[in-house]
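Take a look at the structure set out below.
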Amino acid sequence: FRRLCEEGGGGAAAMISGIFVFSQRGDLLISRYYRGDVSKANVDLFRTSVIASKETGTRPPIIHMDSCSFMYTRHKSLWFVAVTRGNSNVALVLEFLFQKIRILKAYLGDNFDDDAVRGSFTLIYELFDETMDFGYPQNCSVDVLRLYINFGTTTTNEEEQRDAAQLTSQITGAIDWRREGIRYRKNEVYIDILESVNLLMSSNGNVLRNDVTGQVLMKSYLSGMPECKFGLNDKLIMDREANAPATAGGSGRGRKAGVEIDDCTFHRCVRLGKFDAERTITFIPPDGEFELMRYRVADNISLPFRVIPNVVEEGRNRVSINITLIAQFDSKTFANGVVIKVPTPPNTATVNAVARRGRARDEPEQRGIILGIRRF
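Note that the working numbering has the sequence shown beginning at 2, numbered continuously upward.
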């Protein structure tokens, strides 16, 4: 859905009749009608039924009233509302609202409020017209919007001519996230892979659920319009299996199982067709820092730690908790900054925490005992 919003989503399921911005008091700050099939009375119905009722957080973000579907989200004290009379794609509409907030943050700052909106009417209406046409999401790329929508800053005639020559191809072309003519003295690419292990265990030590979520962050300083390829380990294993001789009976024993990656989400610069066919991430990267992909792995996970808890109730008002932490990685590897949190009841009076390694302390504001080990 984010790819559709940024590249321009089509189809009847994406039609939006209007976008509105309300203040916390219910004042209508911004109203933009795209199809003419809703009236101000429909908008006032949402204001009186939802905003004035002060039921924040208790009602769903999708409400159907007076033959209209209202989808809304909040930023600080502002309400961003989309209304439609058709059977629109709800996920796409909500994603467009999130993209709209992201664009306004880029122009007005992360903490923009109703005063900032009132002082930037012309800019906001221009952004509304550029990001949606007749109810269909259009270009929501901040980098492209900044080329021709700004706060009135002036540039030289030479810069204007160069930007204008690139503008049409960036808006209408397939690569609007990168402008042409980028030059660096030295081509550099930095890749960071951040992973976190999520584990849920039962009271007797059985693993109920474990997975690894990760993201690939990339910082590129490349000249021109380079095409980059990012390979995965399952692609390498597939190549090895294709070149390896077949075993007796085709059982395939002895082959090391590859890591199966689930739930991949890519930046919109990735060519999905080549990934499905070749399992290779092919893309023309944006200039600077961006998130290339997110993924989740649920199989063949080697847990770095094993936690063995022992909870004993001593009478009616005392509990003894003994926790054993065992490292399951190689002895030459160290874990830095290990933090263990033991939740405690809200009515806990006193805590006596003793740690054989590290430092344990009671943190009432966090409702738990925090054990910190600098090097494990």
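Glycine included, each C-beta is placed from N, C-alpha and C at the ideal position. These numbers were taken from a predicted model, which means no experiment stands behind them.
On the DSSP bridge assignment, give the partners of residue 229 in chain order. Residue pairing by DSSP places residue 229 opposite 284 in a beta bridge.
Report yes or no: do three or more beta-carbon pairs, one from the region 263–274 and one from the region 183–202, lie closer than 8 angstroms? no
Quick one: any contact between the region 210–219 and the region 281–295, if contact means 3 or more CB pairs under 8 angstroms? yes
Spatial neighbours of residue 267 within its chain, please: C-beta separation below 6 angstroms, excluding the five flanking residues on both sides. 294
Would you tell me roughly how many angstroms separate the C-alpha atoms of residue 133 and residue 140, rounded to the nearest one? If I take the Cα positions, the gap works out to 8 angstroms.
Could you tell me which of 22, 204, 220 and 211 sits nearest to residue 194, measuring between CA atoms? 220
Cα-Cα separation between residue 249 and residue 101, rounded to whole angstroms: Reliability fails at residue 249, whose pLDDT of 40 lies under 50, so the model's placement of it is uncertain and the value that follows must be treated cautiously. Computed Cα separation, rounded: 59 angstroms.
How many whole angstroms separate the CB atoms of residue 115 and residue 78, which I take to be in contact at a CB cut-off of 8 angstroms? 6 angstroms
Does DSSP put residue 342 in a helix, in a strand, or in coil? Looking at residue 342 - three-state DSSP - the assignment turns out to be strand.
For residue 84, which residues in the same chain have their Cβ closer than 6 angstroms to its Cβ, ignoring the five residues on either side in sequence? 18, 19, 39, 69 and 71
Do the CB positions of residue 82 and residue 122 come within less than 8 angstroms of each other? no
Quick one, which of 288, 269, 290 and 289 has its alpha-carbon nearest residue 1's? Residue 1 falls outside the range modelled here, since the chain spans only 2 to 377, and no answer is possible.
Would a C-beta distance cut-off of 8 angstroms place residue 350 and residue 362 closer than the cut-off? no
What residue range does the alpha helix (DSSP H) around residue 129 cover? 122–132
Assuming residue 335 contacts residue 305 under a Cβ cut-off of 8 angstroms, what Cβ separation, rounded to an integer in Å, is found between them? Rounded, the Cβ-Cβ distance is 11 angstroms, inconsistent with contact.
May I have the straight-line CA-CA distance separating residue 80 from residue 333, to the nearest angstrom? Here the C-alpha atom of residue 80 lies approximately 54 angstroms from the C-alpha atom of residue 333.
For residue 327, which residues in the same chain have their Cβ closer than 6 angstroms to its Cβ, ignoring the five residues on either side in sequence? 307
Just the C-alpha distance for residue 142 and residue 233, rounded to the nearest angstrom, thanks. 28 angstroms
Host beta strand (DSSP E) of residue 296 (start-end): Bounds of the beta strand (DSSP E) holding residue 296 are 289–298.
Quick one: give me the first and last residue of the alpha helix (DSSP H) that residue 103 is part of. Start and end: 91–109.
Using only CA atoms, which one of 119, 264 and 339 lies nearest to residue 31? Comparing C-alpha distances from residue 31 to each of 119, 264 and 339 shows the shortest one belongs to 119.
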